[in-house]
Structure formats: C-alpha cells, structure tokens
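Report on the structure given below.
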Amino acid sequence: MYQKDCFNRPIASAPDSWIDVVDRYYDDTIKTLKRATNTSKCLNLGSYNYLGFAASDEYCTPRAVESLKKFSPSTCSTRVDGGTTTLHVELEDCVAKFVGKPAAMVTGMGYVTNSAILPVLIRKGGLIISDSLNHNSIVNGARGSGAVVRVFEHNTPSHLEEVLREQIALGQPRTRRPWKKIIVVVEGIYSMEGELCKLPEIIQVCKKYRAYTYLDEAHSIGAVGKSGRGVCELLGVDTADIDIMMGTFSKSFGSCGGYIAASKEVIEYLKFSCPAHLYATAISPPAAQQIISSIRVILGEDGSSRGAQKLASIRENSNFFRSELQKMGFEVLGDFDSPVMPIMLYNPSKIPAFSRECLKRNVAVVIVAFPATPLLLARARICISASHTREDLLKALEVISEVGDLVGVKYLLAEPKKREDGRVKLE
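Counting along the sequence shown from 1, when you hit position 220 you're at 505 in my numbering, and nothing is skipped either side.
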C-alpha cells in the first residue's frame, strides 16, 4: 500500500519552496486512495527547482505570458515542418552560447533527449561504455542503438581504462574488427547519488584511447559553477574536450525539455536524422521563452544581480544542509556543492514511515525505492533550492532529525552538541 501512498502525491500549487499537497485518504476497503478537497502547505524538499524559477518570477513570467499571446501554447507541428519559431532559433543560440559549444538542438522532453539521441549517434559496430549508475534514459538509449554496451564501475576512471583497453584489444564480436566508434557516457551529477562526476580524469582516459565523451548535465547545468555553467566550469574542464553535452530545462530553468550541444556538423546531422526532432511536436513557445529568460537572469542580462544571488544561495544552502545532516548522524550520499542529497534508509519497511512522518509534520520529501534503486538501498532524496530561506532549512532539519530518531535511520555517530561555553553537552 505504501506505493500508492508515498508516490504520485498530487500538488495544487507551483513547485516553489512551499507547496500545497493534496490530502488523501483510504476508503473502508483500504484498497483505493482517494483525494480529499483540502490541502496541506508543506516545505518542498522534493522538486528539482534548483534556482527557484519554477514559481512566478518578476522577469521570466511576464515574458512567458507575452509569448503565449503571440505564439500560442503549442506550435502544433514538428520542428522540420512548421514548428520552428523565432523563439526556437533564439533558444538554441542562447543554449549554445551558455554551455560553450558551437551549436545546440533542443527537444520537448529531457528523457527523450538521451533515449532518442544515442541511437542516432552510434549504431551497430560501435561501442558504448556507460557508467554503472547512469540514468534510465541513457540505458534505454544505449539499448536501442544496436551498439555493444559495456559498463564500468561507478565514477571509477581506472576501471573505465581497463574496460577500454580490453574492448579495444578484443574488437567487435565474432569479426574482431576495430570498433567503428567508441562513446563513453557519464553524468555531471548523478541524480540518485548526488555525486559529482570525476570528469577531468575521465576525459584524460578518453583522450588517451581516442573515445568520444557524452556528458549528461541534467542535474548540474545551471546549478553548479560560478556562473551556473555546470560541472565543466566547477571542475575547470574545457568544454572543447567534451564531444557531446546534454542537459535538461526542468531542473534549473523552471521549464521543460532538453538540449544537445556539440559541433555544428554534429547538430546539423542530428536535425536531419533524430526522431525527437523529425517527428515530435516542438517545445512549447512559452516554455522556450521561460528558458531564454532564466538564462538571461543567470547571466545578469536582465540588468540585475539576481542570477548571481541565486547561484550563491543554491551553493550555500546545499553545503549548509548537507553538513548539518551529516552532523546529525544521517548517512548522506554525494559531494559538497551538489543540490541533490540522498539520505540512506536501506530497509524498505522504513520508506513509508519516513515519508508519512515527514508529511505529517508538513515537510514534503521524495523517497526512492526499487526498481529505481536496488531493493535494500532505499533512500530519501532531498533537493535543495535557492528559494529556500535559512528558516526553511532549519525547520526541515528539525523535522528530519525528529523523524530520523523515530524511524531509526541515523546510522552514523552524531557530532556531540556543544554548550554556549564551548564544552560538550552530555545528553
């Protein structure tokens, strides 16, 4: 029953720092979960609203509304027919400039960006080497490509090199001919672990063996780096060393869709061969305008410093929240600067207890269970936003600590509390 209760909870507001969660209840048979008419105002720790653009914004919202009046909610056409507006052209130029690549192509859905692009980039006779914890969209895209797929240990460049050397030596199955193409696929921030990719080391290995690099920045673009340009900026990597850069607009930009950024030749090829571009309806014009406007705010092109303030806030909020959770004794995965922080629950029986008790105290959290994770590696995934105030975070920490004690998920030693005079307080 917890699968019905802890997942698919409807909300009745924008996914801002606080959201209205629709109350639900069981009928007499305890089989059907029904929606009530009332809602509960909860602190939102589940949405990907990293920079706070999901709520009404003084710069973005009026421009999105104007684009709705001019272009309508949908182009009612694919990009290659009548679905390319001036907004789509402007958006692709804006994205390419922002991520530091010569050209870009946008799609209407982030998941499809991976699952539809990979089968076009590589086919039979090619080799995909994928991180063991890559997103399902990458897994499906790799399977659909017809290429041979090999996996390397999560975020381990040394094992990546071992796999590359072995596969280059073996060649294609049966014929043993050299591989037509080798692509190494990694993520900037791993969505279920909150870990930063060891990108400099991985690029070094790929250069050594002349493999192409495909970087998924769904959770890192806009969220990390001095100017929000993702893990490349954060880790000091030249974007010229990345062959294909992918990202989504649903995390940091308050919109929907995804993009691929690469050389002009690659993007031109994709626009004439990718099903997501040829057959899918173009991204909604208001959604495109929202992305353009949010990028302008991030870069300070709106004439204010709000973008810099948002980037500073997300970094400060993420690092503060992570360090406080660790002090309490929670096992928190991931790295500092990452706005994604999974709290390990492990036992599946603790999933409904943790989720329901947090909701009862007006804190909305997302729990992740099988099949998204292994059966005994259940977790609560916290997503921090620049729109969270320090008071919001302190309330969340108080509730999570209380629920952690109640459910019994503080698996590590907590840091001893100190009195005002600096001495250790004995509990």
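Ideal Cβ positions, reconstructed from N, Cα and C, are used throughout, including at glycine. Bear in mind that the values here come from a model prediction, so they are computed numbers and not experimental data.
(message) Quick check: leucine 403 and valine 433, are their CB atoms within less than 7 Å of each other?
(response) Counted from its first residue, the sequence shown places residue 403 at position 118. Counted from its first residue, the sequence shown places residue 433 at position 148. In this structure, valine 433 does not lie closer than 7 Å to leucine 403 by Cβ.
(message) Measuring straight from C-alpha to C-alpha, what distance separates phenylalanine 615 and aspartate 526?
(response) Here residue 615 refers to the residue found at position 330 of the sequence shown. Here residue 526 refers to the residue found at position 241 of the sequence shown. So the two alpha carbons sit approximately 37 Å from each other.
(message) Could you pull the DSSP bridge partners for tryptophan 303 from this structure?
(response) Counting from one through the sequence shown, the residue named residue 303 turns up at place 18. DSSP lists Leu328 as partners of tryptophan 303.
(request) Please confirm if the stretch 593-607 is in contact with the stretch 348-368, defined as three or more CB-CB distances below 8 Å between the two stretches. (result) no
(request) Please go through the same chain and pick out, in chain order, the residues whose beta-carbon is closer than 7 Å to the beta-carbon of phenylalanine 639, but skip the five residues on each side of it. (result) Looking up residue 639 in the sequence shown gives position 354. Correct list, in chain order: Leu630, Ile652, Ala665, Val688, Val692, Val694.
(message) Only counting the same chain, and skipping five residues up and downstream in sequence, which positions put a Cβ closer than 7 Å to that of tyrosine 396?
(response) By one-based count along the sequence shown, residue 396 stands at place 111. So the list reads Ser422, once near-sequence residues are dropped.
(request) Specify, as a first and last residue, the run of the beta strand (DSSP E) that cysteine 668 falls within. (result) Translated into positions along the sequence shown, residue 668 becomes position 383. Element bounds for cysteine 668: 663-668.
(message) Going by beta-carbon coordinates alone, are aspartate 260 and histidine 439 separated by less than 7 Å?
(response) Residue 260 lies beyond the range of the chain shown here (286 to 712); nothing can be said about it.
(request) Determine the extent of the alpha helix (DSSP H) in which glutamate 447 is found, giving its start and end residues. (result) Sequence index remark: in the sequence shown, residue 447 carries index 162 (1-based). Where glutamate 447 is concerned, the enclosing alpha helix (DSSP H) stretches over 442-455.
(request) Quick one: measure Cβ to Cβ for lysine 645 and threonine 524, integer angstroms, because I've assumed they're closer than 8 Å. (result) For the purposes of this step, residue 645 is taken as residue 360 along the sequence shown, with counting starting at 1. For the purposes of this step, residue 524 is taken as residue 239 along the sequence shown, with counting starting at 1. In fact, because the Cβ distance is near 46 Å, the residues do not count as touching under 8 Å.
(message) Would alanine 388 and isoleucine 576 be called neighbours here (beta carbons separated by less than 7 Å)?
(response) What you label residue 388 is simply residue 103 of the sequence shown in a count that begins at 1. What you label residue 576 is simply residue 291 of the sequence shown in a count that begins at 1. For alanine 388 and isoleucine 576, no; Cβs fall outside 7 Å.
(request) Name, in chain order, the residues that DSSP records as bridge partners for leucine 412. (result) Here residue 412 corresponds to residue number 127 of the sequence shown, with the count starting at 1. Its beta-bridge partners are Val433, Ile467.
(message) Strictly by DSSP, which residues pair up with glycine 532?
(response) Counting from one through the sequence shown, the residue named residue 532 turns up at place 247. BP columns for glycine 532 point to Tyr544.
(message) I need the straight-line Cα distance from tyrosine 333 to serine 537, nearest angstrom please.
(response) Residue mapping note: residue 333 aligns to position 48 of the sequence shown, counting from 1. Residue mapping note: residue 537 aligns to position 252 of the sequence shown, counting from 1. Answer to the nearest angstrom: the Cα atoms are 7 Å apart.
(request) State the Cα-Cα distance for the pair valine 613 and glutamate 447, rounded to the nearest angstrom. (result) Taking the sequence shown and counting its residues from 1, the one referred to as residue 613 is at position 328. Taking the sequence shown and counting its residues from 1, the one referred to as residue 447 is at position 162. Inspection of the sequence shows that residue 613 is occupied by methionine rather than by valine. About 39 Å.
(request) Under 7 Å Cβ to Cβ from isoleucine 296, same chain only, skipping five residues before and after it: list those, please. (result) Within the sequence shown, residue 296 is the residue found at index 11, counting from 1. The answer, listed in chain order, is Ile304, Asp305, Val306, Val307.
(request) Going by CA-CA distance only, name the one from Ile636, Thr658, Val617 that's closest to cysteine 668. (result) The sequence position of residue 668 within the sequence shown is 383, counting from 1. Ranking Ile636, Thr658, Val617 by Cα distance to cysteine 668 puts Val617 first.
(message) Closer than 8 Å is the cut-off here; do at least three beta carbon pairs connect the stretch 471-491 with the stretch 566-584?
(response) no
(request) Compute the Euclidean distance between the alpha carbons of lysine 680 and cysteine 327, then round it to the nearest angstrom. (result) Residue 680 sits at position 395 when you count from the first residue of the sequence shown. Residue 327 sits at position 42 when you count from the first residue of the sequence shown. Spanning the two alpha carbons is a distance of roughly 11 Å.
(request) Determine, using beta-carbon pairs with one atom in the stretch 338-351 and one in the stretch 317-325, whether at least three such pairs fall under 8 Å. (result) no
(request) Output the distance between the C-alpha atoms of proline 624 and isoleucine 599, rounded to the nearest integer angstrom. (result) Your numbering for residue 624 matches position 339 in the sequence shown. Your numbering for residue 599 matches position 314 in the sequence shown. Each residue's Cα considered, the two are about 7 Å apart.
(request) Would you decide whether aspartate 301 is buried or exposed? Buried here means 16 or more other CB atoms lie within 10 Å of its CB. (result) Along the sequence shown, read from residue 1 onward, the residue named residue 301 stands at position 16. That one is buried.
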